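In our numbering, the protein residues as written are 44 to 405.
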Amino acid sequence: MTAQQPAGGAAIPQRPAVDFGRRYITFETPRFAGRTPRRTMIVCAALALVILGAGLASLTLGAYEVSFGAVIRAIFDPASDPDARQVVFEWRLPRVLFAVLCGAALALSGGIFQSLTRNPLGSPDIIGFGVGAQFGVTLVMIVLELNTYLWKASGALVGGLLTALLVYALASKGGTSAFRLIIVGIGVSAGLGALTSWILITVSVEKAMMAATWGAGSIASLGFDQLAPAALVFAVILVLTLPLTRRLPVLEMGDDAAAALGIDAGRTRFAAVVLGVALIALVTAAAGPISFIALAAPQISQRLTRSNSPMGTLPVMLTGAALVVVSDAVAQLATVPVGVVTVSVGGIYLAWLLAAQYARRA
44 MTAQQPAGGA
54 AIPQRPAVDF
64 GRRYITFETP
74 RFAGRTPRRT
84 MIVCAALALV
94 ILGAGLASLT
104 LGAYEVSFGA
114 VIRAIFDPAS
124 DPDARQVVFE
134 WRLPRVLFAV
144 LCGAALALSG
154 GIFQSLTRNP
164 LGSPDIIGFG
174 VGAQFGVTLV
184 MIVLELNTYL
194 WKASGALVGG
204 LLTALLVYAL
214 ASKGGTSAFR
224 LIIVGIGVSA
234 GLGALTSWIL
244 ITVSVEKAMM
254 AATWGAGSIA
264 SLGFDQLAPA
274 ALVFAVILVL
284 TLPLTRRLPV
294 LEMGDDAAAA
304 LGIDAGRTRF
314 AAVVLGVALI
324 ALVTAAAGPI
334 SFIALAAPQI
344 SQRLTRSNSP
354 MGTLPVMLTG
364 AALVVVSDAV
374 AQLATVPVGV
384 VTVSVGGIYL
394 AWLLAAQYAR
404 RA
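Below, the structure is given as structure tokens:
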């Protein structure tokens, strides 16, 4: 302990800095300065390694056998086997990159809505926004017979936004609460699911099979033609989402606390809903519904980083990307769409989450 000697008095002891149990890594440049928790950096690095490892393993899977060594040579040696390079770069690499993109987008959307509702069950899968996007794409594909990416993206966005408006309108009677929002969202989701099923049984078998194949959630047939516009749209949405990383955690403390810090609660909620639905629409239009990633990824990330909010942009996106890349590798081994794997694993996670929530309240 050190002491300071004032001009004309006794020494005043200095209190040591308080240790809150978190270690930070600080960085400082002439223009920027900041710090980030060391645990978060370690978790992000570990998740990046999982994505890299699972992605490289996925490049070896398929009807055309390519060994791990051949994949490495195809990536780094332009003079390697041209057939292997074609398989790796033109057929399999877009699938891995799309898995990363879809996982990051779904996880970020889940983090937004879970922070907005202050409830781990408040993901777009549960409150119906994902089903609304799926219903919009079904109408565009089956009823309007428009099967391009632009039209499907428009249908997903409009369907998701209209569903969000309907859920908020029904849940706002008598005051909006997270519990009421989730219950109303489950009801609206069930209704839209029934309408989707009714549409599918009233059309031809060919159209129904096309919609059912898309509805299973698959990234097997996606290439760089779909990846480039999807990545561009995701980059734009991500930039628009960055201000929410600071505002939503403050909004979790209540509207009064947010207003005291100069945050417009209504405008922040509106922006969060639009951007969250846009992320869901981006994935739904390209790959179909990939369920439960938006529910599980923010909670897993929050537990790994020991964060106070599910709205942690980088770790949340890396967690979602890792889940989808690993799930897609399992899907290739089982020869099923990736959506089937995420539904199977996500259902188990949802049951555990509901049991944990009930035990906490009991």
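The beta carbon of each residue, even a glycine, is placed where N, CA and C say it ideally should be. On a predicted model such as this, the values are computed, not experimentally measured, just so you know.
From residue i to residue j, what distance separates their C-alpha atoms?
i, j, result
"S264", "A372", "15 angstroms"
"I169", "R66", "35 angstroms"
"L338", "G260", "16 angstroms"
"I306", "R290", "7 angstroms"
"E108", "F132", "14 angstroms"
"L182", "A199", "9 angstroms"
"P286", "T245", "45 angstroms"
"F63", "I242", "In this prediction, F63 has a pLDDT of 49, which is less than 50 and means its spatial position is unreliable; nothing more can be read from the coordinates."
"W134", "L275", "21 angstroms"
"P59", "A365", "Caution is warranted here: a pLDDT of 46 is assigned to P59, below 50, making its placement in the model unreliable, and the coordinate value is therefore given only provisionally. Going by the C-alpha atoms only, they are around 41 angstroms apart."
"P341", "A91", "16 angstroms"
"D298", "R312", "11 angstroms"
"A212", "I68", "44 angstroms"
"G146", "T362", "8 angstroms"
"A300", "R310", "15 angstroms"
"L204", "S123", "48 angstroms"
"G389", "S334", "7 angstroms"
"T45", "A398", "Per-residue confidence for T45 stands at a pLDDT of 46, beneath the threshold of 50, marking its modelled position as unreliable; no derived number is given."
"V359", "G173", "18 angstroms"
"M253", "V227", "30 angstroms"
"F277", "S215", "30 angstroms"
"V282", "V248", "42 angstroms"
"T284", "A150", "13 angstroms"
"S240", "I185", "12 angstroms"
"T409", "F111", "In this structure the chain extends from 44 to 405, so residue 409 is not present and cannot be described."
"I280", "K250", "32 angstroms"
"L95", "V367", "12 angstroms"
"T378", "Q129", "22 angstroms"
"S344", "F222", "23 angstroms"
"L159", "A308", "10 angstroms"
"D120", "L104", "20 angstroms"
"S387", "P125", "38 angstroms"
"R346", "I85", "13 angstroms"
"A106", "L294", "50 angstroms"
"N190", "G179", "12 angstroms"
Kindly identify the DSSP beta-bridge partner or partners of residue i.
i, result
"P80", "Y67"
Between residue i and residue j, how many whole angstroms is the CB-CB distance? I'm expecting something under 8 angstroms.
i, j, result
"A142", "V326", "So it is not a contact: roughly 11 angstroms between Cβ atoms."
"M354", "G154", "5 angstroms"
"T83", "T385", "Contact doesn't hold; Cβ gap of about 25 angstroms is too wide."
"A127", "A113", "5 angstroms"
Between the Cα of residue i and the Cα atoms of the options, which residue gives the shortest distance?
i, options, result
"L102", "I391, V369 and P380", "V369"
"P272", "P137, M84 and I68", "P137"
"G175", "I229, T160, Q129 and G154", "I229"
"P380", "L304, L322, A330 and I94", "A330"
"V383", "G363, L357, I336 and A340", "I336"
"Q375", "P80, F119, P121 and V139", "V139"
"L318", "P125, A89 and P167", "P167"
"A314", "L104, A207 and A88", "A207"
"A394", "K216, L164 and S344", "L164"
"N351", "Q157, A278 and T385", "Q157"
"V201", "I323, V293, E249 and M84", "I323"
"Y192", "A233, W257 and R81", "W257"
"A321", "Q177, V231 and S110", "Q177"
"L235", "K250, V210, L224 and R223", "V210"
"G171", "P125, S152, F119 and Y392", "S152"
"R161", "R346, P292 and R116", "P292"
Going along the chain, which unbroken runs of the alpha helix (DSSP H) with 4 or more residues stay wholly within the region 233-282?
-> Taking only runs of at least 4 residues, the alpha helix (DSSP H) segments lying wholly in the region 233-282 are 248-258.
Which ranges does the alpha helix (DSSP H) cover as unbroken runs of at least 4 residues, wholly within the region 328-368, from first to last along the chain?
-> Here the runs fully enclosed are 336-348.
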